[in-house]
Amino acid sequence: MSKYKLKLLLHIVFCGSLLFGCNSKPIDKNVEIILVGDSEPQFLSKIIDNIEYIVFENPNKPFVKADKLFVFDGGIILADFWSNHTLLRYDQNGKFINPIGRFGEGPGEYVQITDVDFDEANNNLIVVSRNHLITYSIEDEFIDEIELRNRPYKFLKLDGEKYLFYFPEVLAPELRAGIDRAILYNYSTDLDSLEPIFDPVFLEKINGMGEKNNLFKLGETVLFSSNFCDTIYMLSKDGIEKKFFLDFGSEQNDLSKLYGLSIPDLVKVLNGEAFKNISIHMPHLFGNSRYLTSAFRKKTGFDFFVYDMKDKIPYLSSKSVNDVDGGLGFGIIKRMDDDYFYSFFEPEEILQHYEKNIDQLKDQDNNFTKLAMQITRDDFLILAKYKLKK
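Counting from 1, position 283 in the sequence shown corresponds to residue 284 in our numbering; the numbering is continuous, with no gaps.
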């Protein structure tokens, strides 16, 4: 797919700390600054029309976490590939339909999943398991398996037989054997070829991985970032279309303290006193034509934001006030499309909030209070659908 042959020729030269990891702000005219650190509390009603809630049926599986979520005409797919290697399909009302894929070492089975993507054109689910791309139908039919020469860590399914692969520079050398120093590649199954398109973003190596959603296809562009990187890239076929710099103010990350550290030392530094009040970007990238989302770690917790690109206002999960239905604000964002963004909650979170605010909520009749009266602490996950204003 030629439109995604991103001929970036990107041996990017970062001047000092122009784009990453210090308190100075970028001066590139192609950079839009998101003032995350100085954001004010915001009412959700400014960007949200209403909130719907779906109680997912328990599929009789071990505790499932939602690493990725796909919402489409045929239902909802919940992917838990970090803890249980479980792929579950639901209908639009949360009724469990079927699992997808099988754990094992036989043909068409996966041993380990590092990423999942949904092929909207064919209604198929694709997983990366070690050095294999495995495709299933949403009805749990094994369709195809492609053996790769390398092990991509994250990927996107593009048009036709094209993919976008992410290989962190900190992967073990044997997993990067045969590829150059780039971290993003176009891959064609027809030609079995890798085309480097994006070089490492840091001046020196930072031995950290763990990204869950650092690639997102947004129309004709792709959103990309990586852990610790304070810039979100919007990539097009012609190169870098735009950059969003996350300005955390006095809490900006100083990357010079992280370069070259071993993984144990890196963890120690991040959890130490010096980083107690430092914000670190941990990409959870989603977006549409107006809104952009991601997340960052502050102290020991995570904060998510929704950035209104039209009005230039960030809405933080920790500071947003739910004046739509009096329920919780928004939690861990797992998806965004043209109409909604989606978050998951545990029943305990819902009930605790309701019980704590019972005096204000007991006489209200809305989606949140109906939900709180309906569920018990033994229920499964609850999906919140936030209807976005245009």
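Cβ atoms here follow ideal geometry from the backbone N, Cα and C, with glycine treated the same way.
Return the residue from the list Y355, F346 and D364 that minimises the CA-CA distance to L382.
F346
Inter-residue Cα distance where the pair is I333 and V72:
16 Å
Check for me: the alpha helix (DSSP H) holding E349 runs from which residue to which?
P348 to K357
Could you tell me whether the segment 315 to 335 touches the segment 364 to 373, where touching means 3 or more Cβ pairs closer than 8 Å?
yes
With the cut-off set at 8 Å, would you say Y316 and F306 are in Cβ contact?
yes
So, with DSSP's three-state summary, where would you put K320?
coil
Taking the straight line between their C-alpha atoms, what separation do you get for R131 and K155?
11 Å
From N278, F331 and D360, residue whose alpha carbon lies closest to that of Q43
F331
Nearest candidate by alpha-carbon position, reference N125, set T115, G161 and V112:
G161
In angstroms, rounded to a whole number, what distance separates the CA positions of K269 and A275?
10 Å
What three-state label does DSSP hand N208 in the structure shown?
coil
Among the candidates D239, F249, I279 and G240, whose CA atom is the shortest distance from the CA of K258?
I279
So the candidates are I52, K30, E41 and F119; which of them puts its Cα closest to the Cα of K69?
F119
Alpha carbon to alpha carbon, how far is E142 from I198?
34 Å
Once you ignore the five residues that flank Y137 on each side, which residues in its own chain have a CB closer than 7 Å to its CB?
I101, G102, N125, L126, F143 and I144
Give me the DSSP bridge partner(s) of A385.
Y54 and S344
Taking the Cβ atom as the reference point for each residue, do I184 and Y164 lie within a distance shorter than 8 Å?
no
As assigned by DSSP and simplified to three states, the class of L101:
It is Ile, not Leu, that sits at residue 101 in the sequence shown. Coil.
Taking the Cβ atom as the reference point for each residue, do H282 and F229 lie within a distance shorter than 8 Å?
yes
C-alpha gap between C16 and L204, whole angstroms:
The pLDDT assigned to C16 is 30, lower than 50, so where the model puts this residue is not dependable; a value taken from the coordinates is nonetheless given after this. Their Cα atoms are separated by approximately 10 Å.
Kindly give me the distance between the Cβ atoms of V56 and T87, rounded to whole angstroms, as I take these residues to be in contact under 8 Å.
Going by Cβ atoms, the distance from V56 to T87 rounds to 18 Å, so no, they are not a contact pair.
T294 and M337 look like a contact to me (Cβ under 8 Å); what is the Cβ gap, rounded to whole Å?
6 Å
Nearest-angstrom Cβ-Cβ length linking I264 and N215, presumed shorter than 8 Å:
With 8 Å as the limit, I264 and N215 do not qualify as a contact, their Cβ atoms being about 19 Å apart.
Here's a check: name, in chain order, each residue in its chain whose Cβ is nearer than 6 Å to the Cβ of V202, leaving out the five neighbours to either side.
C230
Under 6 Å Cβ to Cβ from N24, same chain only, skipping five residues before and after it: list those, please.
In this prediction, N24 scores a pLDDT of 39, lower than 50, which makes its location untrustworthy; the coordinate-derived value is nonetheless stated afterwards. Excluding residues within five positions, the ones whose Cβ falls inside 6 Å are Q253.
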